[in-house]
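Novice: Take 0 as the starting number for the sequence shown in numbering that gives the first Met the number 0 and just add one per residue.
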Amino acid sequence: MSAEIIDGKKIAAEIRAELKTEVQNLKAKSGVTPGLAVILVGEDPASQSYVTAKERACAEIGIFSDDNRLPASTTQAELLELIAQKNADPRIHGILVQLPVPRHIDTNAVIAAIAPSKDVDGFSPVSMGKLMIGLPTFISCTPHGIVQLLMRSGVKLAGAHVVVVGRSNIVGKPVANLLCQKAAYGDATVTICHSRTPNLADFTRQADVLIAAVGHAHTITAEMVKPGAVVIDVGVNRIEDPASPKGYRLKGDVDFEAVSQVASKITPVPGGVGPMTITMLLYNTVQSASQTVANCN
Ligand code: GUN
Numbered sequence: 000m001s002a003e004i005i006d007g008k009k010i011a012a013e014i015r016a017e018l019k020t021e022v023q024n025l026k027a028k029s030g031v032t033p034g035l036a037v038i039l040v041g042e043d044p045a046s047q048s049y050v051t052a053k054e055r056a057c058a059e060i061g062i063f064s065d066d067n068r069l070p071a072s073t074t075q076a077e078l079l080e081l082i083a084q085k086n087a088d089p090r091i092h093g094i095l096v097q098l099p100v101p102r103h104i105d106t107n108a109v110i111a112a113i114a115p116s117k118d119v120d121g122f123s124p125v126s127m128g129k130l131m132i133g134l135p136t137f138i139s140c141t142p143h144g145i146v147q148l149l150m151r152s153g154v155k156l157a158g159a160h161v162v163v164v165g166r167s168n169i170v171g172k173p174v175a176n177l178l179c180q181k182a183a184y185g186d187a188t189v190t191i192c193h194s195r196t197p198n199l200a201d202f203t204r205q206a207d208v209l210i211a212a213v214g215h216a217h218t219i220t221a222e223m224v225k226p227g228a229v230v231i232d233v234g235v236n237r238i239e240d241p242a243s244p245k246g247y248r249l250k251g252d253v254d255f256e257a258v259s260q261v262a263s264k265i266t267p268v269p270g271g272v273g274p275m276t277i278t279m280l281l282y283n284t285v286q287s288a289s290q291t292v293a294n295c296n
């Protein structure tokens with residue numbers, strides 16, 4: 000069997016086109032331009048390229064992007080003060096602090112300082128808590144992107160056994176919670192596995208939908224996948240490759256070549272989940288701006 004590719008670039012482009020129209024309509028009706036404050040502390044190259052990609056994506060669909068690049072020496076107090084300013088700024092509907100922040104800054108304090116009404120990353124305890132009990136909230140971007148990929152590819156989730164490998168706050172825990180909600184995008188039976196799960200393959204082989212969010216290249220091999228399963232690869236691992244212009248290649252957590260012979264549908268890396276993460280950030284920012292306009296009327 001050769002699996003059908005779930006094309007994240009194509010699905011992301013469809014959603015971005017829908018959002019561009021929504022932004023135009025919002026501007027025409029209310030004069031409001033959605034605004035996203037992006038804050039990067041330090042010079043980590045991967046973070047710099049993510050932030051640049053986010054700013055470019057904002058510009059493409061008409062979102063105002065407020066770029067804040069701060070030195071690695073920025074104190075926690077200075078960062079919290081900047082977040083307080085953005086919380087109070089009516090031009091800003093979403094605030095994103097790129098993670099990880101330098102070690103001397105407490106990540107939890109930073110996330111908690113973002114007003115829940117502007118938490119477009121969906122990382123705060125308030126957003127996560129609402130997601131868990133099924134209340135409307137900003138859904139964190141990678142889990143939301145995965146749900147959109149599955150739904151727009153016609154994958155049946157009700158009654159399916161989803162196995163999530165990885166228990167991070169950014170992906171594993173929220174995606175597992177979403178997919179077991181009593182909702183159109185949920186109703187799945189969900190198992191969460193992680194680095195301390197013994198006999199991982201015993202679990203992964205039971206999956207109708209397997210979500211790999213481990214952070215290690217080629218963790219999921221063909222023997223670990225049930226024939227016909229849908230495989231979502233969240234991994235973005237930089238593998239050194241002197242022959243490549245950048246000096247590295249991106250590899251997922253899944254052995255794509257072998258697993259695509261067993262699965263029925265699979266996401267590639269790059270071009271699968273990655274483009275969806277930024278797209279759902281745009282989505283949350285547009286929702287936040289629309290909500291602000293609705294609250295003023
Ligand atoms: N670092 C890696 N992924 C993310 C993300 O989705 N949001 C933020 N803020 N930082 C990240």
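Every residue, glycine too, gets a C-beta built ideally from N, C-alpha and C.
Predicted model only: the values in this text are computed from it and were never measured.
Check whether the Cβ of L95 sits closer than 7 Å to any heavy atom of the ligand GUN, and report yes or no.
Specialist: yes
Novice: What first and last residue would you give for the beta strand (DSSP E) that runs through E239?
Specialist: N236 to E239
Novice: Is the region 276-290 in contact with the region 137-154, if contact means three or more CB pairs nearer than 8 Å?
Specialist: yes
Novice: Do the region 20-38 and the region 94-114 touch if we need at least three Cβ pairs shorter than 8 Å?
Specialist: The region 20-38, when compared against the region 94-114, does touch it at the 8 Å Cβ threshold.
Novice: On the three-state DSSP scale, how would you describe K309?
Specialist: Nothing can be reported for residue 309: it is not among the residues displayed for the chain, which extend from 0 to 296.
Novice: Beta-carbon within less than 7 Å of T73's beta-carbon, same chain only, minus the 5 sequence neighbours each way: which residues are those?
Specialist: Beyond the five residues adjoining it in sequence on each side, T73 comes within less than 7 Å, by CB distance, of V40 in the same chain, given in chain order.
Novice: Does the count of Cβ pairs from the region 115-133 and the region 63-77 closer than 8 Å reach three?
Specialist: No, because fewer than three Cβ pairs between the region 115-133 and the region 63-77 fall closer than 8 Å, the two stretches do not touch.
Novice: Does DSSP classify K155 as helix, strand or coil?
Specialist: Coil, per DSSP.
Novice: Hey, quick one: how far does the alpha helix (DSSP H) through T276 stretch, first residue to last?
Specialist: V272 to C295
Novice: Spatial neighbours of A200 within its chain, please: C-beta separation below 6 Å, excluding the five flanking residues on both sides.
Specialist: M223
Novice: Hey, could you find the ends of the beta strand (DSSP E) N67 is sitting in?
Specialist: F63 to L69
Novice: Considering A36, what are the terminal residues of the beta strand (DSSP E) in which it resides?
Specialist: G34 to V40
Novice: If contacts are defined as beta-carbon pairs under 8 Å, then T220 and A257 qualify, I think. What distance do you get, rounded to the angstrom?
Specialist: Right, their Cβ atoms sit about 6 Å apart.
Novice: Our contact map puts I62 next to P33 with C-beta atoms below 8 Å; I'd like the distance itself, whole angstroms only.
Specialist: 5 Å
Novice: Could you pull out every residue in the same chain whose Cβ sits closer than 8 Å to the Cβ of G133, ignoring the five residues on either side in sequence?
Specialist: Q180, K181 and A182
Novice: Is L201 helix, strand or coil by DSSP?
Specialist: Note that residue 201 is Asp in the sequence shown here, rather than Leu. Looking at D201 - three-state DSSP - the assignment turns out to be helix.
Novice: Evaluate Y49 with the Cβ neighbour count: other Cβ atoms within 10 Å of its Cβ, from every protein chain shown; 16 or more gives buried, anything less gives exposed.
Specialist: buried
Novice: What number of angstroms, rounded off, separates the C-alpha of P267 from the C-alpha of C295?
Specialist: 43 Å
Novice: Would V297 and V261 qualify as a contact pair, given that the criterion is a beta-carbon distance under 8 Å?
Specialist: Since the displayed the chain opens at 0 and closes at 296, residue 297 lies outside it and no answer follows.
Novice: Less than 8 Å between the CB atoms is what I'm expecting for A175 and V189, so what's the real figure, rounded?
Specialist: In this structure A175 is in contact with V189, their Cβ atoms being roughly 5 Å apart against a cut-off of 8 Å.
Novice: Which same chain residues end up closer than 8 Å to I238 when comparing Cβ atoms and leaving out the 5 residues on each side of it in sequence?
Specialist: A216, Y247, R248, L249 and K250
Novice: State the DSSP-derived secondary structure class of T266, mapped to helix, strand or coil.
Specialist: coil
Novice: Relative to the C-alpha of L156, which candidate in N168, I210, S46 and K117 has its C-alpha closest?
Specialist: The residue with the shortest Cα to Cα distance from L156 is I210.
Novice: Excluding sequence positions up to five away, which residues of its chain have a Cβ less than 8 Å from the Cβ of V109?
Specialist: Q75, L78, L79, I82, V96 and V100
Novice: Does DSSP classify H160 as helix, strand or coil?
Specialist: If DSSP states are grouped into helix, strand and coil, H160 belongs with the strands.
Novice: If contacts are defined as beta-carbon pairs under 8 Å, then V154 and V253 qualify, I think. What distance do you get, rounded to the angstrom?
Specialist: The beta-carbon distance between V154 and V253, rounded to whole angstroms, is 16 Å. This is too long to meet the 8 Å contact definition.
Novice: Can you name the start and end residues of the beta strand (DSSP E) that C192 belongs to?
Specialist: T188 to C192
Novice: Are the Cβ atoms of L18 and V285 separated by less than 8 Å?
Specialist: yes
Novice: Assuming D186 contacts G158 (C-beta within less than 8 Å), just tell me the rounded distance between them.
Specialist: 7 Å
Novice: With a threshold of 7 Å (Cβ to nearest heavy atom), would I62 be considered close to the ligand GUN?
Specialist: no
Novice: Nearest by alpha-carbon distance to V292: which of I10, L25 and A12 is it?
Specialist: L25
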